[in-house]
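This report refers to the structure that appears directly beneath it.
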Ligand SMILES: Nc1ncnc2c1ncn2[C@@H]1O[C@H](COP(=O)(O)OP(=O)(O)O)[C@@H](O)[C@H]1O
Ligand SMILES: [Mg+2]
């Protein structure tokens, strides 16, 4: 198991005051090992709030969040960071872990990457994480350069200020900074917002490659084409609640459920559904994009 949310509530602002607003209510979710999970739902439904619990940026107001052997909770206004692998014995403090360790385990790329960048140059920014974890300068530089290459940021950017970059470039640099930490889980909050279609495709192919290498991907996205193509599991959120956890196939086929949400299945999937209704024997499991739909149609015709 990668993680578990148990009866998680999250309230922004001081509880009991006029400013208090509930962003998550009674979230229960188990995340398996090695997932490619998508989190979808309307703006304001709590997606960003939920993912910020995965690396300890936010702690639940009540309930518990477990990520690997790290457990987070708040009790009587005190925050607890508990390492479940450590014995408590006579020294309860030994059980507390440093949140830095969790940040390395679950790397979070913020929705607004400008909040994540702060060094004077792009290269320094990406090197910051590895250096902060005690890596030697030369090695950190090599890792940072490799990470920048992966996200398509070339050498000419190394000495530029991250703040001069376009939104899409800032996002790439922020992603490189997290990749350089080599996290076991990459948590991405709307990572392709602001990228053109080519950039979006390259970025998603990169995440898929990272997934294929054995790591987990947790992705917040409004783009159902990407969800269909890459995700294996989808969490649907609405008004701070987790409505459904299912495969993309099940969700996009469930018309009754969809009518209660603002989710529109991808056009390619709707086309496949219509063709199936019209009598073409398509295996919907295989429909991921236009080429796979074409292939399914070819197979169905051949078997006719
Ligand atoms: N820093 C904050 N302070 C107060 N309320 C917030 C803050 N961030 C988000 N919220 C509120 O919490 C709810 C969930 O927001 P968010 O998790 O950002 O949703 P999503 O990512 O799905 O758009 C919204 O009602 C939003 O207005
Ligand atoms: Mg958000």
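Numbering (my numbering), first residue to last: 26 to 329. Built from N, CA and C at the ideal position, the CB exists for glycine as well. Here the structure is a predicted model, which means the values were calculated and not measured.
What residue does the alpha helix (DSSP H) around residue i start on, and which one ends it?
i, result
"residue 203", "192–204"
"residue 248", "Here residue 248 belongs to no alpha helix (DSSP H), and DSSP marks it neither H nor E."
"residue 154", "147–157"
Check the DSSP bridge columns for residue i and list the partner residues they point to.
i, result
"residue 126", "Answer is none; residue 126 lacks a bridge partner."
"residue 242", "61 and 211"
"residue 98", "89 and 105"
"residue 263", "266"
"residue 258", "62"
"residue 131", "210"
"residue 77", "Paired residue(s): none; residue 77 is not in a bridge."
Just reading off the beta strand (DSSP E) that residue i is part of, what are its end residues?
i, result
"residue 31", "28–37"
"residue 51", "46–56"
Helix, strand or coil, according to DSSP, for residue i in the structure here?
i, result
"residue 136", "coil"
"residue 237", "helix"
"residue 284", "helix"
"residue 121", "strand"
"residue 271", "strand"
"residue 221", "coil"
"residue 178", "coil"
"residue 312", "coil"
"residue 296", "helix"
"residue 231", "helix"
"residue 277", "helix"
"residue 320", "helix"
"residue 172", "helix"
"residue 305", "coil"
"residue 253", "helix"
"residue 43", "coil"
"residue 143", "coil"
"residue 162", "helix"
"residue 187", "helix"
"residue 226", "helix"
"residue 327", "helix"
"residue 332", "What is shown of the chain runs 26 to 329, which leaves residue 332 out entirely."
Of all the options the options, which has the alpha carbon lying nearest to the alpha carbon of residue i?
i, options, result
"residue 15", "282, 96 and 65", "Absent from the model: residue 15. The displayed extent of the chain is 26 to 329, so no value can be given."
"residue 108", "55, 91 and 289", "91"
"residue 296", "308, 285, 164 and 286", "308"
"residue 248", "51, 229 and 237", "229"
"residue 186", "321, 177, 151 and 155", "151"
"residue 332", "46, 87 and 60", "Nothing in the structure corresponds to residue 332, since the chain is present only between 26 and 329."
"residue 253", "233, 265, 239 and 238", "233"
"residue 188", "84, 139, 235 and 205", "139"
"residue 136", "177, 93 and 193", "193"
"residue 265", "125, 321 and 51", "51"
"residue 303", "289, 317 and 322", "322"
"residue 298", "270, 153, 78 and 280", "280"
"residue 93", "111, 102, 100 and 270", "111"
"residue 157", "128, 175, 184 and 26", "128"
"residue 212", "44, 81 and 46", "81"
Under 8 Å by Cβ, that's how I've got residue i and residue j pegged, so tell me the actual separation to the nearest angstrom.
i, j, result
"residue 49", "residue 243", "That pair is no contact at about 15 Å."
"residue 315", "residue 294", "Residue 315 to residue 294, Cβ: 11 Å. No contact."
"residue 250", "residue 216", "Not really, about 15 Å apart at Cβ, beyond 8 Å."
"residue 173", "residue 201", "5 Å"
"residue 35", "residue 85", "6 Å"
"residue 62", "residue 258", "5 Å"
"residue 131", "residue 208", "6 Å"
"residue 55", "residue 39", "Between residue 39 and residue 55 the Cβ distance is about 31 Å, and since that is not below 8 Å, they are no contact."
Would you say residue i reaches chain C, if we count a Cβ-Cβ gap shorter than 8 Å as a contact?
i, result
"residue 275", "You won't find chain C in this structure, because it holds only one protein chain."
Task: Chain-ordered residues, beta carbon under 5 Å from a heavy atom of ligand 4 - done: Of the ligands one can find in the structure shown, namely ligand 1 and ligand 2, none is ligand 4.
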